[in-house]
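The structure under discussion appears below in the form of structure tokens.
In the UniProt record's numbering, the protein residues as written are 1 to 300.
This is the structure:
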């Protein structure tokens, strides 16, 4: 049998710093949901969300490591660099959310049958935090360096697209939680702003990950800059309109109503939407500034 000089397995997929971070992600993710499933326990929508996050991130991480180790990613019709960068950023956001939510909504007290469940929950919370740091380490290691030619999703602008979409999902969650956004046309306009910007941001990410940016009739970087500028203007209008029609005495209430039950109060949802609207506005402004800078450097 003729021996081949090349190797079919990519040892750098597990021997490099990024590979080591991904192995830690798989180990911490598996440990976290195993501890919760065995004795830690979870309930309600919050617990289900956390388990879904840990299982999803673990599955995709194992898929990425397997594809890179066996070089099978070269057979996939996607932009692998954009895909891994986008997933690492998304997993970072999802894992820190789960790491914060799980300890808040589980009981850490001891019961009549002992403290074993409490110990499992504490351990799961610790490993959930370690999982976040493992994904954050990958984002730090794979982010675009100054002057480096890399995938769009590894740049600050690309990473911000994931954060913007994630923040928009938080806004949508607050909108459906009795926010009473349908009372005024102005607040409905804000919902239209959130929806439009979310959809276009997802399209930008999808085009980058699938490597279909050439489908656009104009240069991709120009499209991104123009869209980001439009998103800044739209979010600026929402950042002004939403607080006025929710917290002004003429249209809403500047203070939390006393009769509102905690967790089911429209005023609480309105505050969450107002805060994260401003957060996304800042993210889009930073994105625009960075996109303009990159465009200027790339085309002197």
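Where is the CB? At the ideal position from N, CA and C, for every residue including glycine. Note that the structure is a prediction, hence the values are computed from the model and not measured.
Residue span of the alpha helix (DSSP H) that contains residue i, given as start and end
i, result
"residue 161", "156 to 175"
"residue 69", "44 to 70"
"residue 257", "Careful: residue 257 lies outside any alpha helix (DSSP H) and carries neither H nor E."
"residue 82", "80 to 104"
"residue 126", "116 to 142"
"residue 221", "220 to 247"
"residue 265", "No alpha helix (DSSP H) holds residue 265; DSSP gives it neither H nor E."
"residue 216", "Segment: none, residue 216 is in no alpha helix (DSSP H) and carries neither H nor E."
"residue 34", "17 to 35"
"residue 75", "Neither: residue 75 is in no alpha helix (DSSP H) and is coded neither H nor E."
"residue 152", "It is not in any alpha helix (DSSP H) - residue 152 carries neither H nor E in the DSSP assignment."
"residue 194", "185 to 210"
Cβ separation of residue i and residue j, assumed to be a contact under 8 Å, to the nearest whole Å
i, j, result
"residue 159", "residue 139", "7 Å"
"residue 193", "residue 237", "7 Å"
"residue 174", "residue 272", "4 Å"
"residue 179", "residue 243", "13 Å between Cβ atoms; not a contact."
"residue 105", "residue 46", "4 Å"
"residue 17", "residue 61", "That pair is no contact at about 15 Å."
"residue 211", "residue 64", "Actually they do not touch by this definition, with Cβ atoms about 17 Å apart."
"residue 168", "residue 241", "With 8 Å as the limit, residue 168 and residue 241 do not qualify as a contact, their Cβ atoms being about 17 Å apart."
"residue 14", "residue 58", "Incorrect: roughly 16 Å between the Cβ atoms, too far for contact."
"residue 301", "residue 85", "Within the shown structure, residues of the chain are numbered from 1 to 300, placing residue 301 beyond reach of any answer."
"residue 239", "residue 277", "5 Å"
"residue 87", "residue 184", "Incorrect: roughly 38 Å between the Cβ atoms, too far for contact."
Residue of the options minimising C-alpha distance to residue i
i, options, result
"residue 275", "26, 170 and 142", "170"
"residue 107", "94, 124 and 97", "124"
"residue 12", "61, 71 and 36", "71"
"residue 270", "143, 36, 255 and 222", "255"
"residue 128", "191, 33, 43 and 83", "33"
"residue 166", "120, 211 and 279", "279"
"residue 49", "68, 96 and 253", "96"
"residue 90", "134, 104 and 117", "134"
"residue 36", "87, 118, 233 and 195", "118"
"residue 177", "41, 292, 20 and 268", "268"
"residue 235", "164, 222, 257 and 214", "164"
"residue 291", "257, 220, 102 and 38", "220"
"residue 132", "188, 93, 289 and 80", "93"
"residue 102", "81, 24, 195 and 44", "44"
"residue 42", "9, 8, 81 and 121", "121"
"residue 24", "198, 213, 67 and 130", "130"
"residue 126", "150, 116 and 100", "100"
"residue 115", "39, 214, 233 and 224", "39"
"residue 197", "224, 8, 87 and 257", "224"
"residue 289", "232, 217 and 253", "232"
"residue 281", "190, 75 and 253", "190"
"residue 195", "215, 214, 172 and 217", "172"
"residue 74", "19, 20 and 9", "9"
"residue 150", "19, 76, 67 and 82", "82"
Residue i Cβ short of 8 Å to the ligand ZN heavy atom set
i, result
"residue 128", "The ligand ZN is not part of the structure shown, which contains no ligands of any sort."
If we count Cβ pairs, one from each stretch, closer than 8 Å, do we get three or more for the stretch 148 to 158 versus the stretch 242 to 254?
Under the three-pair Cβ rule at 8 Å, the stretch 148 to 158 does not count as touching the stretch 242 to 254.
Sufficient close CB pairs (3 or more, under 8 Å) joining the stretch 256 to 271 to the stretch 196 to 213
The answer is no - the stretch 196 to 213 does not touch the stretch 256 to 271, with fewer than three Cβ pairs under 8 Å.
Would you be able to state if there are at least three C-beta pairs under 8 Å between the stretch 281 to 294 and the stretch 227 to 241?
Yes, they touch.
With a cut-off of 8 Å, do at least 3 Cβ pairs link the stretch 13 to 29 to the stretch 48 to 68?
These segments touch.
Whole alpha helix (DSSP H) runs in the stretch 268 to 294 with 4 or more residues, listed along the chain?
Runs of the alpha helix (DSSP H) inside the stretch 268 to 294: none found.
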